[in-house]
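Each residue of the sequence shown is one higher than the one before, starting from 1 at the first, in UniProt numbering.
From the three backbone atoms N, C-alpha and C, an ideal C-beta is built for every residue, glycine too.
Okay, structure first, notes after.
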Amino acid sequence: MLNTNSSKPLYDQLKQLIKNDIISGVYRPGERMPSEAELCERYEVSRVTVRRALKELAGENLLEGRQGKGTYVANQKQKKSMDNIRGYSDEMSRSGRTSRRLVLEKGLIPSEEPVAQRLGVAPGDPVIRLRRVMYDGAAPLMLDTAYYSAYRFPELLTRVQDDVSTYRLLEEEYGIVLSKAYREFDIELCSLTDSRVLMCAPGDPLFSIFKVAYDQYGEPVHAARSLVLSSRSTYVVTVDESAADLHIKMKE
Numbered sequence: 001m002l003n004t005n006s007s008k009p010l011y012d013q014l015k016q017l018i019k020n021d022i023i024s025g026v027y028r029p030g031e032r033m034p035s036e037a038e039l040c041e042r043y044e045v046s047r048v049t050v051r052r053a054l055k056e057l058a059g060e061n062l063l064e065g066r067q068g069k070g071t072y073v074a075n076q077k078q079k080k081s082m083d084n085i086r087g088y089s090d091e092m093s094r095s096g097r098t099s100r101r102l103v104l105e106k107g108l109i110p111s112e113e114p115v116a117q118r119l120g121v122a123p124g125d126p127v128i129r130l131r132r133v134m135y136d137g138a139a140p141l142m143l144d145t146a147y148y149s150a151y152r153f154p155e156l157l158t159r160v161q162d163d164v165s166t167y168r169l170l171e172e173e174y175g176i177v178l179s180k181a182y183r184e185f186d187i188e189l190c191s192l193t194d195s196r197v198l199m200c201a202p203g204d205p206l207f208s209i210f211k212v213a214y215d216q217y218g219e220p221v222h223a224a225r226s227l228v229l230s231s232r233s234t235y236v237v238t239v240d241e242s243a244a245d246l247h248i249k250m251k252e
C-alpha cells in the first residue's frame, strides 16, 4: 500500500507501483488496465491521484488511452532495422520513443580474441570495455557491452557517462562518421544475472547481436555484443537485389 507519511507524493508512489507491475509482467502489453474507480479503491487514493499517475505513465510510453475503451498497457515491441547503422538514441528518437542509458561498468582491460581481431589491435593491447543498459521509456530493453581501442580513443573512458551517446561523442570529439556495420544475430536464453538487469525472467529468449562498426575510412571503431529482449523487439531487413549482403552462417 501507499505510505501517507512519506514525503514522496502519493501519485508518484502509485506511479512507481504500477510501473513495476508493468515491467515485471503483472500487466502485459495490450492488456486493459483496471478502471480509475478500481485503482482508487485498491490503493485508497483519490481519483485526482490516480489520474496524475496514469498521465505520467502515458508520458513515459508505458500506458495509452483508447477513446471510449479505457487505459491499456502500451505495446512496447519495437521494430528495429537490421541494416541501420545509427546509434541507439538516434534510432529511438526517429521512432518517437524516449530513450535512456545507464552505465553499469566501464574500465580498461587487455584485449582478447575475437575482440582484438575485430578492432584491429594486438592481443593484450588495452581496450575500453563499456557495459550499459538501454531503456525504452522506463523499461529496460537492451544490455550492451562495447569495446573500443584505448590507444585510438584515450579520452572516451572519462567522457562516457549516463545518457551520453557514444556515436555522437565519437563524431564530435574524433570526427568519426560511421559508414557501415557488420552484425551477427543469434538467440540465447537470459541468464539469472542478466535477468535482474533486464527485469525479465531467467530463461526468457534474447536476441544476441555481435556488431562491428566501421568509420568513413573503413577502419573498425568498436565491437559490441548486445542482448535484446525479444518480447519487446522485432528486427526487420529490407533486401535490395543489387546490394543485399544477407546470408546464413552455418554453425559448426
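Is it buried or exposed for residue 22, if we count other Cβ within 10 angstroms and need 16 for buried?
Start at 1 with the first residue of the sequence shown, and residue 22 comes out as number 22. Per the 10 Å Cβ criterion, buried.
What's the call for residue 180, buried or exposed, on a 16-neighbour Cβ count within 10 Å?
As a first step, residue 180 is located in the sequence shown; it is residue number 180 there, counting from the start. It is exposed - the Cβ of residue 180 has fewer than 16 other Cβ atoms within 10 Å.
What is the DSSP secondary structure of residue 147, counted as helix, strand or coil?
Numbered from 1 along the sequence shown, position 147 holds the residue referred to as residue 147. The three-state reading of DSSP puts residue 147 in strand, counting E and B together.
Mind the definition here: the region 100 to 107 touches the region 47 to 64 only if three or more C-beta pairs lie below 8 Å; say whether that holds.
In the pairwise beta carbon analysis, the region 100 to 107 is classified as not touching the region 47 to 64: fewer than three pairs are separated by under 8 Å.
Residues in the same chain with beta-carbon distance under 8 Å from residue 133, minus the five sequence neighbours each way, listed in chain order, please.
As a working mapping, residue 133 is identified with position 133 in the sequence shown. Excluding sequence neighbours, residue 133 sits near 101, 102, 104, 140, 142, 143, 144, 197 and 198.
Rank 231, 236 and 237 by C-alpha distance to the C-alpha of residue 25 and give the top, closest one.
Locating residue 25 in the sequence shown gives position 25, where the first residue counts as 1. Of the candidates 231, 236 and 237, the one whose C-alpha sits nearest the C-alpha of residue 25 is 231.
Residue environment, residue 147, which counts as buried when at least 16 other CB atoms sit within 10 Å
Start at 1 with the first residue of the sequence shown, and residue 147 comes out as number 147. Result: buried.
Should the region 156 to 167 be regarded as contacting the region 33 to 50, the criterion being three or more beta carbon pairs within less than 8 Å?
At 8 Å Cβ cutoff, the stretches do not touch.
Pick out whichever of 9, 53, 49 and 4 has its Cα sitting closest to the Cα of residue 19.
Along the sequence shown, read from residue 1 onward, the residue named residue 19 stands at position 19. Ranking 9, 53, 49 and 4 by Cα distance to residue 19 puts 53 first.
With distances taken from CA atoms, which of 30, 29, 178 and 66 is nearest residue 211?
Indexing the sequence shown from 1 puts residue 211 at position 211. Closest option to residue 211, Cα to Cα, is 178.
Beta-carbon contacts of residue 36 that lie in its chain and below 6 Å, excluding the five residues immediately before and after:
By 1-based counting over the sequence shown, the position of residue 36 is 36. Within the same chain, 47 and 50 come within 6 Å of residue 36 by CB-CB distance, once the 5 residues on both sides are set aside.
Quick check: residue 17 and residue 45, are their CB atoms within less than 8 Å of each other?
Working through the sequence shown from its first residue, we reach residue 17 at position 17. Working through the sequence shown from its first residue, we reach residue 45 at position 45. No, these two residues do not count as a Cβ contact at 8 Å.
What is the DSSP secondary structure of residue 209, reduced to helix, strand or coil?
The residue labelled residue 209 in the question sits at position 209 within the sequence shown. Residue 209 falls in the strand class under three-state DSSP.
Residue 208: which of 119, 220, 32 and 194 sits nearest, CA to CA?
Reading the sequence shown from its first residue, position 208 is the one you call residue 208. Of the candidates 119, 220, 32 and 194, the one whose C-alpha sits nearest the C-alpha of residue 208 is 194.
Buried or exposed: residue 114, going by 16 or more other Cβ atoms within 10 Å of its Cβ?
Counting from one through the sequence shown, the residue named residue 114 turns up at place 114. Residue burial annotation: residue 114 is exposed, with fewer than 16 other C-beta atoms found within 10 angstroms of its C-beta.
Residue 229 and residue 206: beta carbons closer than 8 Å?
As a position in the sequence shown, residue 229 is number 229, starting the count at 1. As a position in the sequence shown, residue 206 is number 206, starting the count at 1. In this structure, residue 229 places its C-beta atom within 8 Å of the C-beta atom of residue 206.
Helix, strand or coil, according to DSSP, for residue 152 in the structure here?
Taking the sequence shown and counting its residues from 1, the one referred to as residue 152 is at position 152. Taken through DSSP and simplified to helix, strand or coil, residue 152 comes out as coil.
So what's residue 201 in DSSP terms, helix, strand or just coil?
On the sequence shown, position 201 is the one that residue 201 refers to. Residue state, collapsed to three classes: coil.
Write down every uninterrupted run of the beta strand (DSSP E) in the UniProt domain "HTH gntR-type" (8 to 76) whose length is 3 residues or greater and which is fully enclosed by it, in chain order.
Counting only runs of 3 or more, we get 63 to 66 and 70 to 73.
Between 221, 173 and 237, which lies nearest to residue 185 when the distance is taken from Cα to Cα?
The residue you call residue 185 lines up with position 185 of the sequence shown. Comparing Cα positions, the closest option is 237.
So residue 188 is in the beta strand (DSSP E); what residue range does that whole segment cover?
Along the sequence shown, one-based indexing puts residue 188 at 188. Its beta strand (DSSP E) spans residues 178 to 189.
So residue 15 packs on residue 56, CB below 8 Å; how close in whole Å?
Stepping through the sequence shown from its first residue, residue 15 is reached at position 15. Stepping through the sequence shown from its first residue, residue 56 is reached at position 56. About 5 Å; that satisfies the 8 Å criterion.
Return the first residue and the last residue of the beta strand (DSSP E) that residue 105 is part of.
As a working mapping, residue 105 is identified with position 105 in the sequence shown. Counted as a single uninterrupted DSSP element, the beta strand (DSSP E) harbouring residue 105 occupies residues 99 to 110.
Cα-Cα separation between residue 164 and residue 128, rounded to whole angstroms:
Residue numbering aside, residue 164 sits at position 164 when the sequence shown is read from its first letter. Residue numbering aside, residue 128 sits at position 128 when the sequence shown is read from its first letter. Take the alpha-carbon of residue 164 and the one of residue 128: they are about 16 Å apart.
Exposed unless 16 or more other CB atoms sit within 10 angstroms - verdict on residue 166:
Position 166 of the sequence shown holds residue 166. Buried, because 16 or more other Cβ atoms sit within 10 Å of the Cβ of residue 166.
Residues in its own chain within less than 6 Å of residue 33 by CB, not counting five upstream and five downstream?
Taking the sequence shown and counting its residues from 1, the one referred to as residue 33 is at position 33. Here residue 33 has 71 as same chain residues with Cβ atoms under 6 Å from its own Cβ, once five neighbours each way along the sequence are excluded.
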